[in-house]
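Which chain is which? The protein sequence lines are A and B, in order.
All residue numbers for the first sequence refer to numbering that gives the first Met the number 0, where the first residue is 0 and numbers rise by one.
All residue numbers for the second sequence refer to numbering that gives the first Met the number 0, where the first residue is 0 and numbers rise by one.
Even glycine gets a Cβ: it sits at the ideal position worked out from N, Cα and C.
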Amino acid sequence: MATTPLTAPPVEKPPAPAAGPPAANPKKGVLSYWRLYAAISPFYLLFLAFGLIPVGFSLYLSFHRWDGLGSMEYAGLSQYRYLLSDTDFWSSIGNTLIIWALATFPMIFLAMITAVMLNSAVRFKNVYRFAYFLPNVTSVVAVAIIFGSVFSTNFGLVNALLQAVGLDQIAWLNTPWGIKVAIATLMTWQWTGYNAIIFLAGLQTIPGELYEAARMDGAGPVQTFFRITLPLMRPVLLFVLVISTVTGLQSFSEPQVLLQSTANESTFSGGPDHAGRTMVLYFFQQTFDNNDFGYGAAVAWGIFLVVVIFSIVNWRLVQRRGED
Amino acid sequence: MAVTTQTEPAPTEPPRAEPTKGTRIRGTQRRGIALHVSLFVGVLLSAFPFYWAVIMSTHTSTEIFSYPPKLLPGSHFGDNLSKLFDSIDFFGSMFNSLLVAVSVTFLVLFFDSLAAFVFAKFHFPGRRVLFAMMMAIFMVPAQLAAIPQFVIMAKLGWIGSMTSLIVPAAANAFGIFWMRQYMKSAIHDELLDASKIDGASFLRQYWHVALPVVRPGLAFLGIFTFMGQWNDYAWPLIALTNPDNVTLQVALSQLNGVHGTTDYGMVMTGAVLALIPLLIVFAIGAKQIIADLGKGAIR
Numbered sequence: 000m001a002t003t004p005l006t007a008p009p010v011e012k013p014p015a016p017a018a019g020p021p022a023a024n025p026k027k028g029v030l031s032y033w034r035l036y037a038a039i040s041p042f043y044l045l046f047l048a049f050g051l052i053p054v055g056f057s058l059y060l061s062f063h064r065w066d067g068l069g070s071m072e073y074a075g076l077s078q079y080r081y082l083l084s085d086t087d088f089w090s091s092i093g094n095t096l097i098i099w100a101l102a103t104f105p106m107i108f109l110a111m112i113t114a115v116m117l118n119s120a121v122r123f124k125n126v127y128r129f130a131y132f133l134p135n136v137t138s139v140v141a142v143a144i145i146f147g148s149v150f151s152t153n154f155g156l157v158n159a160l161l162q163a164v165g166l167d168q169i170a171w172l173n174t175p176w177g178i179k180v181a182i183a184t185l186m187t188w189q190w191t192g193y194n195a196i197i198f199l200a201g202l203q204t205i206p207g208e209l210y211e212a213a214r215m216d217g218a219g220p221v222q223t224f225f226r227i228t229l230p231l232m233r234p235v236l237l238f239v240l241v242i243s244t245v246t247g248l249q250s251f252s253e254p255q256v257l258l259q260s261t262a263n264e265s266t267f268s269g270g271p272d273h274a275g276r277t278m279v280l281y282f283f284q285q286t287f288d289n290n291d292f293g294y295g296a297a298v299a300w301g302i303f304l305v306v307v308i309f310s311i312v313n314w315r316l317v318q319r320r321g322e323d
Numbered sequence: 000m001a002v003t004t005q006t007e008p009a010p011t012e013p014p015r016a017e018p019t020k021g022t023r024i025r026g027t028q029r030r031g032i033a034l035h036v037s038l039f040v041g042v043l044l045s046a047f048p049f050y051w052a053v054i055m056s057t058h059t060s061t062e063i064f065s066y067p068p069k070l071l072p073g074s075h076f077g078d079n080l081s082k083l084f085d086s087i088d089f090f091g092s093m094f095n096s097l098l099v100a101v102s103v104t105f106l107v108l109f110f111d112s113l114a115a116f117v118f119a120k121f122h123f124p125g126r127r128v129l130f131a132m133m134m135a136i137f138m139v140p141a142q143l144a145a146i147p148q149f150v151i152m153a154k155l156g157w158i159g160s161m162t163s164l165i166v167p168a169a170a171n172a173f174g175i176f177w178m179r180q181y182m183k184s185a186i187h188d189e190l191l192d193a194s195k196i197d198g199a200s201f202l203r204q205y206w207h208v209a210l211p212v213v214r215p216g217l218a219f220l221g222i223f224t225f226m227g228q229w230n231d232y233a234w235p236l237i238a239l240t241n242p243d244n245v246t247l248q249v250a251l252s253q254l255n256g257v258h259g260t261t262d263y264g265m266v267m268t269g270a271v272l273a274l275i276p277l278l279i280v281f282a283i284g285a286k287q288i289i290a291d292l293g294k295g296a297i298r
């Protein structure tokens, strides 16, 4: 549900202490600032109505049984207890993590290489950047439809290639691993260019003198990359990893569109054997197919917890490596 | 893992393309060529799915199902087009998408820049707390709020209409944060002081002093918002309960769900047509979007 565009990390410097001239005058009452409060109020009102109250309500809901129509029934911790023993939920976590890993590591690797190449290319830089960024702005629905045909068993491009080199065809969208590879390939295709642009911006802040000095000391390109480029790129790498984690762990549209025509029971079921049923797909299935709003809310909080834990682990890993 | 390499024929070699100035001219030149060849392979990989979609939109399903796969345009684009228009209300859903994307873009530009102006240039009680609160909202995943949102909108009678898409998206934390960063440096305090001495009200300052200097920032936010709204899928899929009155992405998905295994030519035609407005908007703003994205990440 990528409704917020993803760009800058919310890294915030503390606001400059009373630097702006129209500084707060302690003698004036709060009411005298009403124009300013009115100007920022639309966001906070919307947030209250469609953010804070819903999030609070969903916490309340997760302790109740509710089908969205009848009356709510207090259920205590039972839905969370069920969640912990729900093998479908655990397998959806597994699916999500596998797809995330299959997509993220090749993506970051390819994006880094692309960025380093773009950084040393002198000509056509803008043309390259335009072309590499294009996959990212196209809609997931269109892209998933296109990739569905690339991985189609009967006429897909991948199978045609396999046939051409004399290998057996694979029923990509009908086998557990095939499904995951197809989704991960789609994500890699869509996000490599975006991350390459981010990496490129990071590379451009590294002073050229550093490379000059390394060259004078006789360092080769590979050594330079691992000794200079990579350490200095750690903050940008961290940003990319966090964004990929948060978006990757909440993937929904890719598997939903890609697998909806092979799904037999529901469009949220994630294909044969539920091999492509991610956490968020499972949430949608429980909530909007089974009309189990109470359990759906518990699943949503479960997902939130997984994302938070995983982000912290990621963050720690990258930080730790920096201390060595 | 071994399988992915077949679709992504490892486009590149290790980064040995660091230009070594002066020394071996030959080697440098050869490296330059290798560099552009690798980069070009990457461009092909980026562009190929688009090309293939266009090719498939010009073939019948029988042609698509045959081996070897068609790599050159066929002659059935017109047929696919008329089948597409028979299957879904293409222009109706395109109108809905435009309505949502354009309305949200203008609302976001207005509300976000107004709030950003306040946060960037004024001091008032509670400013820090309100700003920190806004940044925390970034972190809340959408599905946490999804169920109650749906319930609230059902109560308001918005479910099924475009209102359920437009209103909650009318202002967002990302845009306010981003515009604030932009305004902090772009709007000079002296200008604001001068306008205040001239007796300009807060709204006049916003409209006549702030907005004119932050036009490039507004352009970025506007294009970004438009593209995000045009492509949005998960929430519209849930909120637009009337299958005859949906946005383009939802209509496309319905088309794929019903005909996705039988009539690929027609489904592809829909996918290709849906991409066109987006590509136009992206082509207009690409340079700035790419530059600003980079700046955002290393700020």
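Compare the beta carbon distance of residue i and residue j with 8 angstroms and say whether it is the shorter of the two.
i	j	result
T152 (chain A)	W171 (chain A)	yes
L210 (chain B)	M116 (chain A)	no
P134 (chain A)	G192 (chain A)	yes
F267 (chain A)	D288 (chain A)	yes
T299 (chain B)	G73 (chain B)	Look at the range of chain B in this structure, 0 to 298, and you will see that residue 299 (chain B) is not part of it.
V157 (chain A)	L185 (chain A)	no
L47 (chain A)	A296 (chain A)	no
I86 (chain B)	M267 (chain B)	Ile is not the amino acid found at residue 86 (chain B); the sequence shown has Ser there. No, these two residues do not count as a Cβ contact at 8 angstroms.
H273 (chain A)	S84 (chain A)	no
N194 (chain A)	A110 (chain A)	yes
R233 (chain A)	V317 (chain A)	yes
Give the C-beta separation of residue i and residue j to the nearest angstrom, bearing in mind that I take them to be a contact with Cβ-Cβ under 8 angstroms.
i	j	result
G275 (chain A)	K179 (chain A)	7 angstroms
L202 (chain A)	N125 (chain A)	Contact doesn't hold; Cβ gap of about 16 angstroms is too wide.
V166 (chain B)	L190 (chain B)	Contact doesn't hold; Cβ gap of about 34 angstroms is too wide.
P140 (chain B)	A159 (chain A)	Actually they do not touch by this definition, with Cβ atoms about 39 angstroms apart.
Y232 (chain B)	S252 (chain A)	5 angstroms
V245 (chain A)	N255 (chain B)	About 27 angstroms; that fails the 8 angstroms criterion.
F225 (chain B)	T104 (chain B)	5 angstroms
G174 (chain B)	V271 (chain B)	At roughly 30 angstroms, the Cβ-Cβ gap does not stay under 8 angstroms, so G174 (chain B) and V271 (chain B) are not in contact.
N313 (chain A)	V241 (chain A)	7 angstroms
A74 (chain A)	G293 (chain A)	6 angstroms
R179 (chain B)	A119 (chain B)	5 angstroms
F42 (chain A)	F110 (chain B)	6 angstroms
Y127 (chain A)	I196 (chain A)	10 angstroms between Cβ atoms; not a contact.
S148 (chain A)	Y263 (chain B)	6 angstroms
I222 (chain B)	G284 (chain B)	4 angstroms
N95 (chain B)	V245 (chain B)	7 angstroms
I want to see whether chain B comes within less than 8 angstroms of residue i, judged by CB atoms only; does it?
i	result
W188 (chain A)	yes
M71 (chain A)	no
S328 (chain A)	Because chain A is modelled from 0 through 323, residue 328 (chain A) falls outside the range shown and cannot be assessed.
Y348 (chain A)	Residue numbering for chain A in the displayed model covers 0 to 323; residue 348 (chain A) lies beyond these limits and cannot be assessed.
N94 (chain A)	no
N125 (chain A)	yes
N173 (chain A)	no
G269 (chain A)	no
Y81 (chain A)	no
Q249 (chain A)	yes
M106 (chain A)	no
N153 (chain A)	yes
S365 (chain A)	The structure shown does not extend to residue 365 (chain A), since chain A is modelled only from 0 to 323, so the question has no answer here.
P134 (chain A)	yes
Please decide whether residue i counts as near chain A, where near means a Cβ-Cβ distance under 8 angstroms.
i	result
G259 (chain B)	yes
V42 (chain B)	yes
N95 (chain B)	no
Y50 (chain B)	no
E17 (chain B)	Only weak support is given to the placement of E17 (chain B): the predicted model assigns it a pLDDT of 48, under 50, and the question is left unresolved by the model.
F225 (chain B)	no
H35 (chain B)	yes
L108 (chain B)	no
Q248 (chain B)	yes
Self-check item: 4-residue-minimum alpha helix (DSSP H) runs that sit fully inside the segment 43-123 of chain B, ordered along the chain
Solution: 60-64, 76-86 and 89-120
Output, in sequence order along the chain, the residues in the segment 271-292 of chain B whose CB is closer than 9 angstroms to any CB in chain A. V271, A273, L274, L277, L278, V280, F281, A282, A285, K286, I288, I289, A290, D291 and L292
Interface residues of the segment 251-262 of chain A facing chain B [CB-CB below 7 angstroms]: F251, S252, V256, Q259 and S260
Curious, which full-length alpha helix (DSSP H) runs of at least 4 residues does the segment 201-257 of chain A contain? 207-215, 220-223 and 233-247
Could you tell me which whole alpha helix (DSSP H) segments of length 4 or greater appear in the segment 117-171 of chain A? 124-136, 139-149 and 156-163
Original post:
When you check each C-beta in the segment 142-155 of chain B against every C-beta of chain A, which residues fall closer than 9 angstroms?
Top reply: Q142, L143, A144, A145, I146, P147, Q148, F149, V150, I151, M152 and A153
Closer than 8 angstroms, Cβ to any Cβ of chain A: which residues of the segment 169-185 of chain B, in chain order?
A169, A170, N171, A172, F173, I175, F176, W177 and Q180
Under 7 angstroms, CB to CB, which of the residues in the segment 74-90 of chain B have a partner in chain D? Absent from the structure is chain D; the protein chains it does hold are A and B.
Exercise. Determine which residues of the segment 31-52 of chain A have a Cβ less than 8 angstroms from any Cβ of chain B, and write them out in chain order.
Key: Y32, R34, L35, Y36, A38, I39, P41, F42, Y43, L45, F46, A48, F49, G50 and I52
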